[in-house]
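Structure (structure tokens):
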């Protein structure tokens, strides 16, 4: 059975949502980042990058959100989570996911995880200071240039929607007012009402409070 | 006809190599980053992110290296540049590409482009200082955990190989000795001898010296 390793509040929620949307049979394993579970030897065997998500399949382990999202879409084609057979349409999905992982998520990470890129505490503080600007600019660009509506890619819900929802959750803590991007604000509320998303979010909240 | 916008010395080389490996008919348009071509209004209509690569197709424009690489593989299936019909094998390709774009490329970018994430000149200097360590750790992890050999994914050449080659080119300037990762060092030399790679590299060098 598929097994998703995640930590609450991380981008792993996007994969969790995709599994729910796909109607997959899967189990989850929660890591406690405060206890640094992700750096413990047992987990490093799962994912030597010491990150989440990691999806255990019957053939091996897949990491990286964009890879897991397309894997889920391809493994459960009936759920139609990505336009798999249309190279151009799939490339648009992939470009969006790639922008989220390599630019938006990275801009955000400079607030909680600046130590990845500098050792000097003053530099880490300087990074934090710029996050509202950089993350705000990313979301403004998405709103203006990428968001087709009503879903990210247009008329069909795709894995991009759960991924954008996941990163939209971080905006308040990053000092960005989601209402400055009204299409994304409305999308965030609408995605949050989907049964699959409510289920994934509730699962992570429940396990977190039980931990 | 496909048209690739690139700048010399950037990750766009990975897409250029993929187009050559695919046997695609395409043209290239060189941007001069020193003249900030990527921020000029005409280019912002092509890619509002002010980055390369951007691939113009008959249906629209695709950005982001991982998206372009799979698009090329899917559009030219005879070249067998990715295991498109095997969800798990494709996910491994995608996970590798995603790691390169969201972690390795980002680690590297803190040397030439730290201004993206902080305004303070001292912070930007502090970021530069850590690049040999962070990029070195990424390549050590690739060597140890991801590189199957003889190609990145094992017995078959994939789009991952041209992408890894592209980022390996930056190691010297990033202060990382490629010979500390001997499998990647040998791979870099071997990929560089492929006809398609020589062609793409020569095209970019020629246009650069002509500019």
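Protein chains in written order, with the working numbering: chain A, 1 to 211; chain B, 1001 to 1211.
C-beta: ideal position from N, C-alpha, C; glycine also.
Owing to the predicted nature of the structure, the values given are computational and were not obtained by experimental measurement.
So, for residue 74/A: in the same chain, excluding its five sequence neighbours on each side, which residues have a beta-carbon less than 7 Å away from its beta-carbon? By one-based count along the first chain, residue 74/A stands at place 74. 84.
Contact set between the region 39-72 of chain A and chain B, restricted to residues whose Cβ is under 8 Å from the partner: 48, 49, 57, 59, 60, 62, 63, 64, 65, 66, 67, 68, 70 and 71
Put residue 60/A into one of helix, strand or coil per three-state DSSP. For the purposes of this step, residue 60/A is identified with residue 60 of the first chain, where counting begins at 1. The answer is coil: DSSP assigns residue 60/A none of H, G, I, E or B.
What are the uninterrupted segments assigned as alpha helix (DSSP H) that are 4 or more residues long and contained completely in the region 1030-1108 of chain B, given in chain order? 1041-1046, 1065-1075 and 1087-1099
Output the residue ranges of the alpha helix (DSSP H) runs that lie fully inside the region 1116-1175 of chain B and measure 4 residues or longer, sorted by chain position. 1121-1141 and 1159-1168
Give the interface partners of residue 101/A over in chain B, defined as CB-CB distance under 8 Å, in chain order. Taking the first residue of the first chain as 1, we reach residue 101/A at position 101. Those within 8 Å of residue 101/A in chain B are 1098, 1101 and 1102.
Name, going along the chain, the residues of the region 120-141 of chain A whose beta-carbon falls closer than 7 Å to a beta-carbon of chain B. 120, 122, 123, 126, 127, 130, 134 and 141
Please report how far the alpha carbon of residue 1183/B lies from the alpha carbon of residue 1177/B, in whole angstroms. Stepping through the second chain from its first residue, residue 1183/B is reached at position 183. Stepping through the second chain from its first residue, residue 1177/B is reached at position 177. Approximately 13 Å between the Cα atoms of the pair.
Where residue 1192/B and residue 1198/B are concerned, what is the direct C-alpha to C-alpha distance, given to the nearest angstrom? In the second chain, residue 1192/B corresponds to position 192, counting from 1. In the second chain, residue 1198/B corresponds to position 198, counting from 1. The alpha-carbon atoms of residue 1192/B and residue 1198/B are separated by roughly 6 Å.
Mind checking residue 1/A: buried by the 16 CB within 10 Å criterion, or exposed? One-based indexing of the first chain puts residue 1/A at position 1. Exposed, since its Cβ has fewer than 16 Cβ neighbours within 10 Å.
So what does residue 1002/B bridge to, in DSSP terms? Reading the second chain from its first residue, position 2 is the one you call residue 1002/B. Answer is 1026/B, bridged to residue 1002/B.
Give the straight-line distance between the Cα atoms of residue 13/A and residue 47/A, rounded to the nearest whole angstrom. Stepping through the first chain from its first residue, residue 13/A is reached at position 13. Stepping through the first chain from its first residue, residue 47/A is reached at position 47. Roughly 17 Å separates the two Cα atoms.
Between residue 88/A and chain B, is any beta-carbon pair separated by less than 8 Å? For this step, residue 88/A is matched to residue 88 along the first chain. So yes, residue 88/A belongs to the interface.
Please check if any C-beta of chain B sits within less than 8 Å of the C-beta of residue 106/A. Numbered from 1 along the first chain, position 106 holds the residue referred to as residue 106/A. At least one chain B Cβ lies under 8 Å of residue 106/A.
Return the chain-ordered list of same chain residues with a C-beta closer than 7 Å to the C-beta of residue 174/A, the five sequence neighbours on each side being excluded. Counting from 1 along the first chain, the entry for residue 174/A is found at position 174. Answer for residue 174/A: 108, 111, 131, 132 and 135, listed in chain order.
Residue 1211/B - DSSP class collapsed to helix/strand/coil: In the second chain, the residue the question calls residue 1211/B occupies position 211. Model confidence at residue 1211/B stands at a pLDDT of 49, short of 50, so the residue's coordinates are unreliable; what they give is reported in the following sentence. Of the three classes helix, strand and coil, the one that applies to residue 1211/B here is coil, per DSSP.
Could you please tell me which residues of the region 141-167 of chain A, in chain order, have their CB closer than 7 Å to any CB of chain B? 141 and 145
List, in order along the chain, the chain A residues whose C-beta lies closer than 9 Å to that of residue 1016/B? Here residue 1016/B is taken as the residue at index 16 of the second chain, counted from 1. Going along chain A, no residue has its Cβ under 9 Å from residue 1016/B, so there is no contact; the nearest lies around 16 Å.
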